[in-house]
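> Questions regarding the structure given below will be posed in turn.
4 protein chains.
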Amino acid sequence: MLEALKQEVLEANLMLPKYGLVVFTWGNVSGIDREKGLIVIKPSGVEYDQMKASDMVVVDLNGKVVEGDLNPSSDTPTHIVLYKEFSDIKGIVHTHSPWATSFAQAGVSIPAAGTTHGDYFYGNIPVTSRMTKEEIATDYEKQTGDVIVRTFRKENINPNDVPAVLVNDHAPFTWGTDPKNAVHNSVVLEEVAKMTYHSLQLNPHNIEMSQDLLDKHFKRKHGANAYYGQKTK
Amino acid sequence: MLEALKQEVLEANLMLPKYGLVVFTWGNVSGIDREKGLIVIKPSGVEYDQMKASDMVVVDLNGKVVEGDLNPSSDTPTHIVLYKEFSDIKGIVHTHSPWATSFAQAGVSIPAAGTTHGDYFYGNIPVTSRMTKEEIATDYEKQTGDVIVRTFRKENINPNDVPAVLVNDHAPFTWGTDPKNAVHNSVVLEEVAKMTYHSLQLNPHNIEMSQDLLDKHFKRKHGANAYYGQKTK
Amino acid sequence: MLEALKQEVLEANLMLPKYGLVVFTWGNVSGIDREKGLIVIKPSGVEYDQMKASDMVVVDLNGKVVEGDLNPSSDTPTHIVLYKEFSDIKGIVHTHSPWATSFAQAGVSIPAAGTTHGDYFYGNIPVTSRMTKEEIATDYEKQTGDVIVRTFRKENINPNDVPAVLVNDHAPFTWGTDPKNAVHNSVVLEEVAKMTYHSLQLNPHNIEMSQDLLDKHFKRKHGANAYYGQKTK
Amino acid sequence: MLEALKQEVLEANLMLPKYGLVVFTWGNVSGIDREKGLIVIKPSGVEYDQMKASDMVVVDLNGKVVEGDLNPSSDTPTHIVLYKEFSDIKGIVHTHSPWATSFAQAGVSIPAAGTTHGDYFYGNIPVTSRMTKEEIATDYEKQTGDVIVRTFRKENINPNDVPAVLVNDHAPFTWGTDPKNAVHNSVVLEEVAKMTYHSLQLNPHNIEMSQDLLDKHFKRKHGANAYYGQKTK
Chain A
267 MLEALKQEVL
277 EANLMLPKYG
287 LVVFTWGNVS
297 GIDREKGLIV
307 IKPSGVEYDQ
317 MKASDMVVVD
327 LNGKVVEGDL
337 NPSSDTPTHI
347 VLYKEFSDIK
357 GIVHTHSPWA
367 TSFAQAGVSI
377 PAAGTTHGDY
387 FYGNIPVTSR
397 MTKEEIATDY
407 EKQTGDVIVR
417 TFRKENINPN
427 DVPAVLVNDH
437 APFTWGTDPK
447 NAVHNSVVLE
457 EVAKMTYHSL
467 QLNPHNIEMS
477 QDLLDKHFKR
487 KHGANAYYGQ
497 KTK
Chain B
267 MLEALKQEVL
277 EANLMLPKYG
287 LVVFTWGNVS
297 GIDREKGLIV
307 IKPSGVEYDQ
317 MKASDMVVVD
327 LNGKVVEGDL
337 NPSSDTPTHI
347 VLYKEFSDIK
357 GIVHTHSPWA
367 TSFAQAGVSI
377 PAAGTTHGDY
387 FYGNIPVTSR
397 MTKEEIATDY
407 EKQTGDVIVR
417 TFRKENINPN
427 DVPAVLVNDH
437 APFTWGTDPK
447 NAVHNSVVLE
457 EVAKMTYHSL
467 QLNPHNIEMS
477 QDLLDKHFKR
487 KHGANAYYGQ
497 KTK
Chain C
267 MLEALKQEVL
277 EANLMLPKYG
287 LVVFTWGNVS
297 GIDREKGLIV
307 IKPSGVEYDQ
317 MKASDMVVVD
327 LNGKVVEGDL
337 NPSSDTPTHI
347 VLYKEFSDIK
357 GIVHTHSPWA
367 TSFAQAGVSI
377 PAAGTTHGDY
387 FYGNIPVTSR
397 MTKEEIATDY
407 EKQTGDVIVR
417 TFRKENINPN
427 DVPAVLVNDH
437 APFTWGTDPK
447 NAVHNSVVLE
457 EVAKMTYHSL
467 QLNPHNIEMS
477 QDLLDKHFKR
487 KHGANAYYGQ
497 KTK
Chain D
267 MLEALKQEVL
277 EANLMLPKYG
287 LVVFTWGNVS
297 GIDREKGLIV
307 IKPSGVEYDQ
317 MKASDMVVVD
327 LNGKVVEGDL
337 NPSSDTPTHI
347 VLYKEFSDIK
357 GIVHTHSPWA
367 TSFAQAGVSI
377 PAAGTTHGDY
387 FYGNIPVTSR
397 MTKEEIATDY
407 EKQTGDVIVR
417 TFRKENINPN
427 DVPAVLVNDH
437 APFTWGTDPK
447 NAVHNSVVLE
457 EVAKMTYHSL
467 QLNPHNIEMS
477 QDLLDKHFKR
487 KHGANAYYGQ
497 KTK
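Chains as they are written, first to last, in this note's numbering: chain A, 267 to 499; chain B, 267 to 499; chain C, 267 to 499; chain D, 267 to 499.
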């Protein structure tokens, strides 16, 4: 069942240690088959170097395990909310990658300070509000998804244009057009967080790039008029 | 004598360079056989790449060498105090890992700033008071253990819930349910120290997570109602 | 056509991941044949581990592709401006290397704070002014070259003496006497940016070295009286 | 001639890239045969991965090349001053290792902030005064040695107790009982600089350890009453 997607999700999970985004088992990647409405996700608390494609767990959009011998990631309810609400995305990553997590712990969003950011994220990477006692008490992992979605709605951000978020006091989630693209965005997020941390120490004021430059770089790589890479030849 | 524990302690010691926690010989791991009341510990000043299980030194709870040709770690009296006073622990690690040591040198405790911390440490990681002239003068390494224990009593911290401490002007100790678990906690401590250092530079105020979120994350992984990983299936 | 230069440009491009200057495809190196007036440059958006010498693209100084099946780097117009205006240089590198980019994002030039800097760069490494709406709107990549050239003219800097620049809100460019020398300067720039960032945190005032020391170190390695290395024996 | 010392100096030089202390050729190690009054030193500007023992250059204490086809390191006159003035040392290292160089560029000495420091350096690691126009103009490399020696005399520091110095606006020198011991001290200096940099950011005040703790740790490893390691058994 969904063997190709399982393999893809396995490989995307193995990219996390390769790119230095995780310590131990602190991260998970999922992918979705939109037609079947089924999610493939990493099992909870399993070491990366022992995982096989057949360990991947299949769950439906109600969180019911459809196939698999292992518990799915404890963050599965967060993934489900995001797949339901962000209807174009087909892969999700959660890590505690250190630079992005440093911003999340500080409750500080990542300003769009340069073209590296603008090539991938069309605006600041938002941090959610802190979760309330009530949100923590019941269905915590689902509520984590809800607070992400509320942040994007309130700040009027298109999740396809800014495929990353910082959950306050916690860590980042990223997403993308498939599981590996979501990991790619995680790598970029970490690099951008690292550079912008240092830019903020050098110059705490006036760090954001102009809207013109942001438009230029994002649209150079995305949308109908993109001309970066080999695609448009 | 205690061959399995020696092998376990050797392997735990070899994890220190693997995870980048030590330079040269700056670190040691021990384990205890609670029934026999015997500790197995790394010899003093020996290179990691030359150590064998048979080099591990067996000492009793009075610090007497029971077996072994080499001097035990000079920090052995500190380990002994901790094993005596923290009755559930079965492994101890001492390193000068750079991020945790930066906090220790600064005399600053590590606030519980996010869920990475809360998954492992149920509250701030305390820093001891500075050692006095008298404590340094006599039985210094034993007194190092005493100042750790006094810190946990004074701040009313359960060492099973916060398996790490920063010795002021010195470096961290961690412990755990066995030697490798203690090393695991050392790796997490270093990662948490790194991230929280950067969070504090981004936002020096109001960095601590809520007690509700701390409860949620710690208890998600520890105690009767834990549901993280594969254990509860 | 230009097979030797293609090989040289390929090897110079492969130095970028080797020295940790790039993530994914974020960087490009070119070289020029001054007699023929032809530039060899990396293709746009191609992975380093898949590139062959035959993938390198040959363009003329009007930006016309003379040979090659792939699109040249989208930064090609910037390279062309620099080759035209800085008449001695024969290799150019663009990366988003993290330390130099942190200064570029902050809009802060890198002061000549020590002899490591003075051995390679005869004065501060300048940051350009921010690009205007008009510069971004039309021929953006060419205008990026123009703003670099204007910066060197306005600050009266000889590009042979300071073979690096920070484009504001963007990232560095470096150049040199050939493609590998330009990469060498990129590596030095990154190391200098890292060290001077930390020096500025330790001591934000009075960080610049004396003109005498700068003269001494730069001229120890460059020009008629150089005596560093084996060349003068 | 001095074949064993050449091999030792070669191996010590190769430790520099191994421990991440150098980029390109930015570093050199020498050793001395005190009886013969001859120094063996790295040639100037030669790549580490191509160096052979036979490339090492033999110079006398007047700086005259006694054996060797290559130019000796341009820093040779600095080494000579240190060997003449610090009569117990038998190995010297110069690098631009990034953390120590960050302090040197900032003109800030490294305070003895913790036991890692105290295990190796009996007090703060001094920074020299800035070199004057006159010192730079004539015999610059010899004058660099002189300014180091003056710093130790003026601050009344025993070079055997503090085997490291930061040359202002430049970078560190370390020394030791033989070439590899000098490299060992370079590695420790870099680790201590890194940690104390971060401690100073966390707590800029009152960072120095007590004299009692410094005495305890330094003397635990050095002198007649040392008890660290296996030597005293």
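Glycine included, each C-beta is placed from N, C-alpha and C at the ideal position. Model, not experiment: these values are computed from the prediction.
Using a Cβ-Cβ distance cut-off of 8 angstroms, determine whether ALA459 (chain C) contacts chain D.
In the third sequence, counting from the first residue as 1, residue 459 (chain C) sits at position 193. False, the Cβ-Cβ gap to chain D never drops below 8 angstroms.
> Please say whether TRP441 (chain C) and PHE387 (chain C) have beta carbons closer to each other than 8 angstroms?
As a working mapping, residue 387 (chain C) is identified with position 121 in the third sequence. As a working mapping, residue 441 (chain C) is identified with position 175 in the third sequence. Not in contact: PHE387 (chain C) and TRP441 (chain C) (Cβ atoms no closer than 8 angstroms).
> Which residue comes first and which comes last in the beta strand (DSSP E) that contains PRO438 (chain A)?
Along the first sequence, one-based indexing puts residue 438 (chain A) at 172. Looking at the DSSP string, the run of the beta strand (DSSP E) that includes PRO438 (chain A) is 438 to 442.
> So, is the C-beta of ALA490 (chain A) closer than 8 angstroms to a C-beta in chain C?
The residue labelled residue 490 (chain A) in the question sits at position 224 within the first sequence. So no, ALA490 (chain A) is outside the interface.
> THR344 (chain C) CB to nearest chain A CB: under 8 angstroms?
The residue you call residue 344 (chain C) lines up with position 78 of the third sequence. Not one chain A Cβ lies under 8 angstroms of THR344 (chain C).
> In angstroms with no decimal places, state the Cα-to-Cα distance between ASP341 (chain A) and LYS284 (chain D).
Residue 341 (chain A) sits at position 75 when you count from the first residue of the first sequence. Residue 284 (chain D) sits at position 18 when you count from the first residue of the fourth sequence. Their Cα atoms are separated by approximately 41 angstroms.
> Can you tell me the Cα-Cα spacing of HIS436 (chain B) and LYS272 (chain A), whole angstroms?
Here residue 436 (chain B) corresponds to residue number 170 of the second sequence, with the count starting at 1. Here residue 272 (chain A) corresponds to residue number 6 of the first sequence, with the count starting at 1. Distance between the alpha carbons of HIS436 (chain B) and LYS272 (chain A): 48 angstroms.
> Using three-state DSSP, classify ILE402 (chain B) as helix, strand or coil.
The count along the second sequence starts at 1 and reaches residue 402 (chain B) at position 136. Correct three-state label for ILE402 (chain B): helix.
> With a threshold of 6 angstroms on Cβ separation, who are the neighbours of THR417 (chain D) within its own chain once the five nearest residues in sequence on each side are excluded?
Taking the fourth sequence and counting its residues from 1, one reaches residue 417 (chain D) at position 151. Cβ within range, chain order: PRO392 and THR394.
> Within 8 angstroms, do at least three Cβ pairs link the segment 480 to 494 of chain B to the segment 298 to 316 of chain C?
Short answer: they don't touch.
> Can you list, in chain order, the residues of the segment 426 to 459 of chain B whose Cβ is nearer than 7 angstroms to any Cβ on chain A?
Taking 7 angstroms as the Cβ-Cβ cut-off against chain A, the residues of the segment 426 to 459 of chain B that qualify are VAL453 and GLU457.
> Go through its chain and collect everything with a Cβ distance to LYS460 (chain A)'s Cβ below 6 angstroms, but skip five positions before and after it.
In the first sequence, the residue the question calls residue 460 (chain A) occupies position 194. TRP365.
> From this set, C:LEU327, C:LYS420, C:ILE473 and C:LYS350, which residue's C-alpha is nearest PHE369 (chain D)'s C-alpha?
Along the fourth sequence, read from residue 1 onward, the residue named residue 369 (chain D) stands at position 103. Taking only the C-alpha atoms, the option nearest PHE369 (chain D) is C:ILE473.
> Is the CB of VAL388 (chain A) under 8 angstroms away from at least one CB in chain C?
As a working mapping, residue 388 (chain A) is identified with position 122 in the first sequence. In the sequence under discussion, the amino acid at residue 388 (chain A) is Tyr, which differs from the Val named in the question. Not closer than 8 angstroms to any Cβ of chain C, the Cβ of TYR388 (chain A) fails to qualify, so no.
> Since SER324 (chain A) and VAL306 (chain A) are thought to touch, with beta carbons under 8 angstroms apart, how far apart are those beta carbons, to the nearest angstrom?
Here residue 324 (chain A) corresponds to residue number 58 of the first sequence, with the count starting at 1. Here residue 306 (chain A) corresponds to residue number 40 of the first sequence, with the count starting at 1. According to the sequence displayed, residue 324 (chain A) carries Val and not Ser. About 6 angstroms; that satisfies the 8 angstroms criterion.
> In chain order, which continuous runs of the beta strand (DSSP E) of length 3 or greater are located wholly inside the segment 318 to 372 of chain C?
Qualifying beta strand (DSSP E) stretches, in chain order: 323 to 326, 331 to 333 and 357 to 361.
> Got a sec, what are the start and stop residues for the beta strand (DSSP E) THR296 (chain D) sits in?
Numbered from 1 along the fourth sequence, position 30 holds the residue referred to as residue 296 (chain D). A small correction: the amino acid at residue 296 (chain D) is Ser; Thr does not occupy that position in the sequence shown. SER296 (chain D) -> beta strand (DSSP E) spans 293 to 299.
> Determine the closest residue to ASP405 (chain C) out of C:ASN426, C:THR344 and C:SER339, with distance taken between C-alpha atoms.
Position 139 of the third sequence, counted from the first residue, corresponds to residue 405 (chain C). The candidate whose alpha carbon is nearest that of ASP405 (chain C) is C:THR344.
> Taking DSSP as the reference, what is the three-state secondary structure of LEU268 (chain D)?
Position 2 of the fourth sequence holds residue 268 (chain D). Coil.
> Less than 6 angstroms between C-beta atoms, sequence neighbours within five positions excluded: which residues of the same chain meet that for PRO445 (chain C)?
Within the third sequence, residue 445 (chain C) is the residue found at index 179, counting from 1. Here the set comprises GLU274, VAL275, ALA278, VAL295, GLY297 and GLY357.
> For ILE208 (chain B), which residues of its own chain have a beta-carbon under 7 angstroms away from its beta-carbon, when the five flanking residues on both sides are left out?
As displayed, chain B neither begins before 267 nor continues past 499, which places residue 208 (chain B) out of reach and without an answer.
> Check the Cβ of TYR494 (chain C) against every Cβ in chain A and list those closer than 8 angstroms, keeping chain order.
Translated into positions along the third sequence, residue 494 (chain C) becomes position 228. By Cβ distance, chain A contributes nothing, its closest Cβ being about 31 angstroms from TYR494 (chain C), past 8 angstroms.
> Can you give the beta carbon distance from THR462 (chain B) to ILE376 (chain B), rounded, assuming they're within the 8 angstroms contact cut?
Looking up residue 462 (chain B) in the second sequence gives position 196. Looking up residue 376 (chain B) in the second sequence gives position 110. About 6 angstroms separates the two Cβ atoms, so the contact holds.
> Would you mind working out which of D:GLU421, D:PRO338, D:LEU466 and D:ASN451 sits nearest LEU287 (chain D), comparing C-alpha positions?
Here the question's residue 287 (chain D) lines up with position 21 in the fourth sequence. Closest by alpha carbon: D:ASN451.
> Around the C-beta of PRO429 (chain C), are 16 or more other C-beta atoms found within 10 angstroms, so that it is buried, or is it exposed?
Here residue 429 (chain C) refers to the residue found at position 163 when the third sequence is read from its first residue. That one is buried.
> Look up ALA378 (chain A) in the DSSP assignment and give the residues it is bridged to.
As a working mapping, residue 378 (chain A) is identified with position 112 in the first sequence. Answer is none; ALA378 (chain A) lacks a bridge partner.
> Closer than 9 angstroms by beta-carbon distance: list the chain F residues that pair up with VAL374 (chain B), in chain order.
Here the protein chains are A, B, C and D, and chain F is not one of them.
> At 9 angstroms on the CB atoms, spell out the chain C contacts of ARG486 (chain A), in chain order.
As a first step, residue 486 (chain A) is located in the first sequence; it is residue number 220 there, counting from the start. Per Cβ cutoff of 9 angstroms: SER340 and TYR406.
> Roughly how far, in whole angstroms, is the beta-carbon of GLY373 (chain D) from the beta-carbon of ASN328 (chain D), given that I think they are within contact range, below 8 angstroms?
Locating residue 373 (chain D) in the fourth sequence gives position 107, where the first residue counts as 1. Locating residue 328 (chain D) in the fourth sequence gives position 62, where the first residue counts as 1. No, GLY373 (chain D) and ASN328 (chain D) are not in contact; Cβ-Cβ is about 32 angstroms, not under 8 angstroms.
> Taking C-beta to C-beta, are LYS408 (chain A) and VAL347 (chain A) nearer than 8 angstroms?
What you label residue 408 (chain A) is simply residue 142 of the first sequence in a count that begins at 1. What you label residue 347 (chain A) is simply residue 81 of the first sequence in a count that begins at 1. In contact: LYS408 (chain A) and VAL347 (chain A) (Cβ atoms closer than 8 angstroms).
> Do GLN316 (chain D) and GLN467 (chain B) have their C-beta atoms closer together than 8 angstroms?
The residue you call residue 316 (chain D) lines up with position 50 of the fourth sequence. The residue you call residue 467 (chain B) lines up with position 201 of the second sequence. No, the Cβ-Cβ distance between GLN316 (chain D) and GLN467 (chain B) is not below 8 angstroms.
> Here's the rule: buried if 16 or more other CB atoms are within 10 angstroms of the residue's CB, otherwise exposed. What is ARG486 (chain D)?
Start at 1 with the first residue of the fourth sequence, and residue 486 (chain D) comes out as number 220. Buried, by the Cβ-count rule.
> Tell me the residue span of the beta strand (DSSP E) that contains VAL306 (chain A).
Walking along the first sequence from the start, residue 306 (chain A) turns up at place 40. 304 to 307 is the span of the beta strand (DSSP E), which, as asked, contains VAL306 (chain A).
> Closest to PRO438 (chain C) by C-alpha separation, out of C:VAL458, C:LYS482, C:LYS420 and C:ASP385, would be which residue?
Taking the first residue of the third sequence as position 1, residue 438 (chain C) is located at position 172. The candidate whose alpha carbon is nearest that of PRO438 (chain C) is C:VAL458.
> I need the straight-line Cα distance from MET475 (chain A) to THR367 (chain C), nearest angstrom please.
Taking the first sequence and counting its residues from 1, the one referred to as residue 475 (chain A) is at position 209. Taking the third sequence and counting its residues from 1, the one referred to as residue 367 (chain C) is at position 101. So the alpha carbons of these two residues sit roughly 13 angstroms apart.
> State the Cα-Cα distance for the pair GLU421 (chain D) and LEU282 (chain A), rounded to the nearest angstrom.
As a first step, residue 421 (chain D) is located in the fourth sequence; it is residue number 155 there, counting from the start. As a first step, residue 282 (chain A) is located in the first sequence; it is residue number 16 there, counting from the start. Using only the alpha carbons, I get a separation of about 51 angstroms.
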